Structure formats: structure tokens, C-alpha cells
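J.:
Written out as C-alpha cells, the structure reads:
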């Protein structure tokens, strides 16, 4: 380890996986240290070490490397400072790389691993086979740092078993898991999981599911006048049709808007229909009233997204005080550089469906699957969406996995359509990471023809060649990262950043808009 002022260069592997050889770590001199802090200290004749505090005593600290067995008693006078940030290859990886959320379990297992090491006289081959070390390794030394693997274990169990018992997990871990599920908008899926009762999850889940179903009823009760006026091909996508296909029970996935896919030649027709029904192209301002978008905003959005800005109108039902409709005339993004998809052809085999007493058309299950895979890829790759930190979501993978597992999708037809439109890699991308999230490679087997031959594609982000870049962190880290933009921002060009700011200015307006 090299010390340069308050910045050090980490050497060795004693703090893997959170700190790695070559990482730049910044320090803050402190007098008050706590269990879980990473500190730098001088130790005997070994020079300076960077290890984690696992116990605080009056005049000394007890420290241990995350990836080592030994315990070190360190005088406070020998401590240089606390690690407050870490950079790897110029990328700030502080969030999620320093702190351990389940610190009590970490400390308990750290002491046990040290005891095991002493018992086996530091024989590495024997230590790594011990059950206590295996627990420690699975919890803290895998690539899935912190409690990622616990969240995924619970998620996988929900889909594979439907009922699991989390009684063996600590309250802190359960609270953190629940926080992740909320952030990824999948708390409804926890309704069959034991162990969350103290968080009143059953009641929360039931209320959310009731609200989801109620919202759909309100939205679709206002749809008949619009549907009856449409005399051209269309399909309602995402939202309710997807929820019904994925979960059978739409309450497991909510939406407060309706998305309609049409051919661009019918754009003025649908606009006229919506305007006759009292919709305006606008957004909710801070006073919760509707403000119209400017012509400049409308044109910018139209040219940038293959959508028009949302149409909105007040609603007398206070369950959904404003109705929002998004019009889509493409399923690829504006910067797509391959051949386009003719929406008129894509809508050639729509399916009539009924919700309550409302009849409408939606996509065939194969095309709905394709559309959703493309939508997922866009959210993973768009610089503008990544700048908002909400684009990569477990919800998307849950939907895809359930869709593949429950629906009788004609795989040959999906492959044929994907090849026709030159979109094979986007479909495979979504399936690949869905298989990773659920640890289920079987969903990839029918789609081997679509396997990506382009080197580095699976770790690429950006929708246009001028934006292409490679993720500096593994997939699970970016899936659970709470500030993805800080991770990728150092990799972006000035033009990329200017485009993001320009998009923010013209896509968000001065208030809140309904987003498709």
C-alpha cells in the first residue's frame, strides 16, 4: 500500500471483494471509529494495512481484513484514518463497496472464521472446507456483495416454490431486503413469504394489490369512447395486458397509464380522438394542475423518442385524479441504427381481449414478449434513463421470467421475427440476464440461435455508437446500485452529458409528466 497524503493505493487481496489491488482509497482522520468502518493503520513491522474494524475498545481497535483470517489489535495512535471513498480505474465505487449492511452477522462470522483458522493452524485447505467459513464466504466474499444474494434467493424461491421461510434471517437483513423490493417495485410478490409479518407486509401487499386492480378498473372504464372511435390498427401494450399475461392476476403489477401502439401514419387521427375526449398534451405542475407542453418540447420529444409527449386529463374518480395516455409509433428507440420495424406489419395479428366489459386489441403473446424485451434493453442502455437511476429494475426480470415460464410462447415465431427485424441480440440480452437473476439457464436453451456474437455486447451501455461504453462494474452490482449515474458519468463524453441535460430540459418540462 502506498500513502500519498490522504489517498492510498491498495495492494493485495486482504479486503477483496470490496477493495481490490490498485484501488485508490481516500481517508478522513478521525478519533471516533465504529464496527464496520474500514481504517488504515500501521501494524508492527508490516507497514500500513487497510482493514475493517470489528470491535472498538477504550484505547484500541480490533480489526480484520474481509478476505483474511487474522485479528489485529491496533492502538488508536497507530490509526491514520477512516476510508470514505474508493475509486477503481477512475470510477467512484463508494456506494455499496465500503459499508456492510448486515454488520452484526459479519462480525459474528468473522470471529468464528478466526477461531476456525486457529483450530486448523491456518491450514488454508482445511479452513475453506469448514461450514463456518463457507457461510462467511457466501455472505461476504462472493461477487454478490452485501445482501444481494439473499434478495435473489428470496426472489427465486417465490417463483420456484411460492412459499419460503425467512425465520433464520436477522431483522436487519429482512428490513434491507424489503427496502430493495420496494425500490424495485415488487413488494406485491412478497405476499406469500413468511418472516416479514413484523413489517406488516401482508397488509401492505394486500392494500397495494387492491390499489393496482382499482387503478386498472378506473383507467379501462374511460377507454370505450376512445376505442370505439379508432378505425385503424392499434394495440394496447405494457400495463394491464402484460400484467394479465405475466401473473394472470393483474393486481401483482400496477400502472397508472395506458400505452397505445399505432402506425405513425395514424398519429393525427389518434390525437384528434384524444382531444375530442378532453385530453391535452401536458404535464402536472407543482400545483397539481395541467400545464401544456411548448411546441419546442413536443417536437424534441417526437424526434428523440418515437413517441409523442403524454396526453392527460383530469378525472372525477379520486382514485386516479388524472388519466394519462402515451402514444407509441415504434418499438425501437430513436437512435437505433439498424433497419426499422414496420409497425403496420407488427400490428397485423393483434388479439382481441376483454377486461370487465371493455373490449380492446393487444399484441400477440410473441410480439408482446419481443416488445417487452426491447423495452427492457432500452432501459438498461439509455444514457438519459440511466441518469435517473431507476432504469434497471428487478420488476422487468420478474415479468420476463414469469412470461417465459407461464405462457405458451411460440419460440420459433419469436426467433423468426427477431431475425426478420435484426433484433436478435436485444432479445438474447434480456433473456441472458433474466437467466442470471433467477439462476435458470433453461430459459436460454430454446433461444440459442439468438446468442450474441458481438464481443462485449452484454456489458455495453448506450443506444447509439457515439454513446457506446462498457460497464466498469459487474451486472449484479449495477442491478442493485443506487447511484448508477455516478458510476458511468466519468466514462461519458462532454457531448453525452450535454445531451442528457438537454433531454432533461425538454422531456421533463417544468413539472411532473406521465412516463410510458
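In our numbering, the protein residues as written are 2 to 517. All residues carry an ideal CB built from backbone N, CA and C; glycine is no exception. Computed from a predicted structure; not experimentally measured.
(1) Going along the chain, which residues of its own chain have a beta-carbon closer than 7 Å to the beta-carbon of residue 31, five neighbours each way excluded?
(2) In chain order, what residues of the same chain have a beta carbon less than 7 Å from the beta carbon of residue 75, not counting five sequence neighbours either side?
(3) Please report the straight-line C-alpha distance between residue 39 and residue 483, rounded to a whole angstrom.
(4) Could you say which of 370, 158 and 78 lies nearest to residue 431 if we only look at CA atoms?
(5) Determine the burial state of residue 59: buried for a count of at least 16 other Cβ atoms within 10 Å of its Cβ, exposed for fewer.
(6) Find the nearest neighbour of residue 464 within the set 385, 317 and 249, judged by alpha-carbon distance.
(7) Go through its chain and collect everything with a Cβ distance to residue 400's Cβ below 6 Å, but skip five positions before and after it.
(8) Taking residue 352 as the reference, which of 11, 160 and 235 has the closest Cα?
(9) Specify, as a first and last residue, the run of the beta strand (DSSP E) that residue 86 falls within.
(10) Below 7 Å between beta carbons: does that hold for residue 382 and residue 481?
(11) Whose CA, out of 434, 357 and 17, lies closest to the CA of residue 395?
(12) Can you tell me which of the three DSSP states residue 445 falls into?
(13) Between which residues of its own chain and residue 80 is the CB-CB distance below 6 Å, once the five residues before and five after are set aside?
(14) Is there contact here, the segment 252-265 with the segment 343-352, by at least three beta-carbon pairs under 8 Å?
(15) Could you name the residues of the same chain whose beta carbon sits closer than 8 Å to that of residue 281, not counting the 5 residues immediately before and after it, in chain order?
(16) Once you ignore the five residues that flank residue 4 on each side, which residues in its own chain have a CB closer than 7 Å to its CB?
(17) Indicate whether residue 25 and residue 7 have their beta-carbon atoms separated by less than 7 Å.
(18) Quick check: what's the CA-CA separation for residue 100 versus residue 364?
(19) Does the distance from the CB of residue 605 to the CB of residue 451 come in under 7 Å?
(20) Tell me whether residue 44 sits in a helix, a strand or coil according to DSSP, three-state version.
(21) Give the straight-line distance between the Cα atoms of residue 475 and residue 177, rounded to the nearest whole angstrom.
(22) If we call anything under 7 Å between Cβ atoms a contact, is residue 260 one with residue 327?
(23) Under DSSP, the beta strand (DSSP E) around residue 293 begins and ends at which residues?
(24) For residue 368, tell me which candidate among 437, 424, 279 and 138 has the shortest Cα-Cα distance.
(25) May I ask you to report which of helix, strand or coil DSSP gives residue 429?
(26) Expressed to the nearest angstrom, what Euclidean distance is found between the alpha-carbon atoms of residue 468 and residue 331?
(27) State the DSSP-derived secondary structure class of residue 52, mapped to helix, strand or coil.
(28) Here's a check: name, in chain order, each residue in its chain whose Cβ is nearer than 8 Å to the Cβ of residue 447, leaving out the five neighbours to either side.
(29) Could you compute how far the alpha carbon of residue 158 sits from the alpha carbon of residue 444?
(30) Tell me whether residue 211 sits in a helix, a strand or coil according to DSSP, three-state version.
(31) Between residue 68 and residue 321, what straight-line distance do the alpha-carbon atoms span, to the nearest angstrom?
(32) With hydrogens ignored, establish whether the beta-carbon of residue 322 is closer than 6 Å to any heavy atom of the ligand ATP.
(33) What do you reckon, are the CB atoms on residue 490 and residue 453 nearer than 7 Å?
(34) For residue 221 and residue 160, I'd like the C-alpha separation in whole angstroms.
(35) Please list the terminal residues of the continuous beta strand (DSSP E) segment that includes residue 226.
T.: So, to answer that:
(1) Residue 31 sits at position 30 when you count from the first residue of the chain shown. Here the set comprises 82 and 83.
(2) Translated into the one-based positions of the chain shown, residue 75 becomes position 74. Cβ within range, chain order: 42, 44, 61, 62 and 64.
(3) As a working mapping, residue 39 is identified with position 38 in the chain shown. As a working mapping, residue 483 is identified with position 482 in the chain shown. Whole-angstrom Cα-Cα distance: 21 Å.
(4) Residue mapping note: residue 431 aligns to position 430 of the chain shown, counting from 1. Residue 370 is the option with its Cα nearest to residue 431.
(5) To locate residue 59, count along the chain shown from 1; it is residue 58. With fewer than 16 other Cβ atoms from the protein chains shown falling within 10 Å of its own Cβ, residue 59 counts as exposed.
(6) Counted from its first residue, the chain shown places residue 464 at position 463. Of 385, 317 and 249, the residue nearest in Cα terms is 385.
(7) The residue labelled residue 400 in the question sits at position 399 within the chain shown. Within the same chain, 247 come within 6 Å of residue 400 by CB-CB distance, once the 5 residues on both sides are set aside.
(8) Counting from one through the chain shown, the residue named residue 352 turns up at place 351. The candidate whose alpha carbon is nearest that of residue 352 is 235.
(9) Looking up residue 86 in the chain shown gives position 85. 80-89 is the span of the beta strand (DSSP E), which, as asked, contains residue 86.
(10) Numbered from 1 along the chain shown, position 381 holds the residue referred to as residue 382. Numbered from 1 along the chain shown, position 480 holds the residue referred to as residue 481. No, Cβ-Cβ distance for residue 382 and residue 481 is not below 7 Å.
(11) One-based indexing of the chain shown puts residue 395 at position 394. Nearest to residue 395 by alpha-carbon distance, out of 434, 357 and 17, is 434.
(12) Translated into the one-based positions of the chain shown, residue 445 becomes position 444. Three-state DSSP puts residue 445 in coil, outside helix and strand.
(13) Residue mapping note: residue 80 aligns to position 79 of the chain shown, counting from 1. The beta carbon of residue 80 is closer than 6 Å to those of 40 and 42 in its chain, skipping five residues each way along the sequence.
(14) Yes, they touch.
(15) Translated into the one-based positions of the chain shown, residue 281 becomes position 280. So the list reads 291, 293, 312, 313 and 314, once near-sequence residues are dropped.
(16) Mapped onto the chain shown, residue 4 falls at position 3. For residue 4, the predicted model reports a pLDDT of 49, less than 50, meaning its position is unreliable and no value from the coordinates is stated.
(17) Start at 1 with the first residue of the chain shown, and residue 25 comes out as number 24. Start at 1 with the first residue of the chain shown, and residue 7 comes out as number 6. Not in contact: residue 25 and residue 7 (Cβ atoms no closer than 7 Å).
(18) Taking the chain shown and counting its residues from 1, one reaches residue 100 at position 99. Taking the chain shown and counting its residues from 1, one reaches residue 364 at position 363. The alpha-carbon atoms of residue 100 and residue 364 are separated by roughly 45 Å.
(19) Residue numbering for the chain in the displayed model covers 2 to 517; residue 605 lies beyond these limits and cannot be assessed.
(20) Walking along the chain shown from the start, residue 44 turns up at place 43. In the structure shown, residue 44 sits in coil (DSSP, three-state: anything other than H, G, I, E or B).
(21) Reading the chain shown from its first residue, position 474 is the one you call residue 475. Reading the chain shown from its first residue, position 176 is the one you call residue 177. So the two alpha carbons sit approximately 21 Å from each other.
(22) Along the chain shown, one-based indexing puts residue 260 at 259. Along the chain shown, one-based indexing puts residue 327 at 326. Contact: yes.
(23) Stepping through the chain shown from its first residue, residue 293 is reached at position 292. 291-293 is the extent of the beta strand (DSSP E) around residue 293.
(24) Indexing the chain shown from 1 puts residue 368 at position 367. Relative to the Cα of residue 368, the nearest Cα in the group 437, 424, 279 and 138 belongs to 424.
(25) Indexing the chain shown from 1 puts residue 429 at position 428. Look at residue 429 here: in three-state DSSP terms it is helix.
(26) On the chain shown, position 467 is the one that residue 468 refers to. On the chain shown, position 330 is the one that residue 331 refers to. In this structure, the alpha-carbon of residue 468 lies about 21 Å from that of residue 331.
(27) As a first step, residue 52 must be located in the chain shown, where it is residue number 51. Here residue 52 carries a strand assignment [DSSP, helix/strand/coil].
(28) Position 446 of the chain shown holds residue 447. Spatial neighbours of residue 447 in its own chain (CB-CB distance under 8 Å, excluding positions within 5 residues in sequence) are listed in chain order as 412.
(29) Taking the chain shown and counting its residues from 1, one reaches residue 158 at position 157. Taking the chain shown and counting its residues from 1, one reaches residue 444 at position 443. Rounded to the nearest whole angstrom, the CA to CA distance from residue 158 to residue 444 is 17 Å.
(30) Within the chain shown, the letter at position 210 stands for residue 211. Looking at residue 211 - three-state DSSP - the assignment turns out to be helix.
(31) Position 67 of the chain shown holds residue 68. Position 320 of the chain shown holds residue 321. So the alpha carbons of these two residues sit roughly 52 Å apart.
(32) For the structure depicted, the ligand ATP is absent and the ligand set is empty, with no information on it obtainable.
(33) One-based indexing of the chain shown puts residue 490 at position 489. One-based indexing of the chain shown puts residue 453 at position 452. No, they are not a contact pair.
(34) Here residue 221 is taken as the residue at index 220 of the chain shown, counted from 1. Here residue 160 is taken as the residue at index 159 of the chain shown, counted from 1. Distance from the CA of residue 221 to the CA of residue 160, rounded to the nearest whole angstrom, comes to 29 Å.
(35) Along the chain shown, read from residue 1 onward, the residue named residue 226 stands at position 225. That residue, residue 226, is in no beta strand (DSSP E); its alpha helix (DSSP H) goes 225-230.
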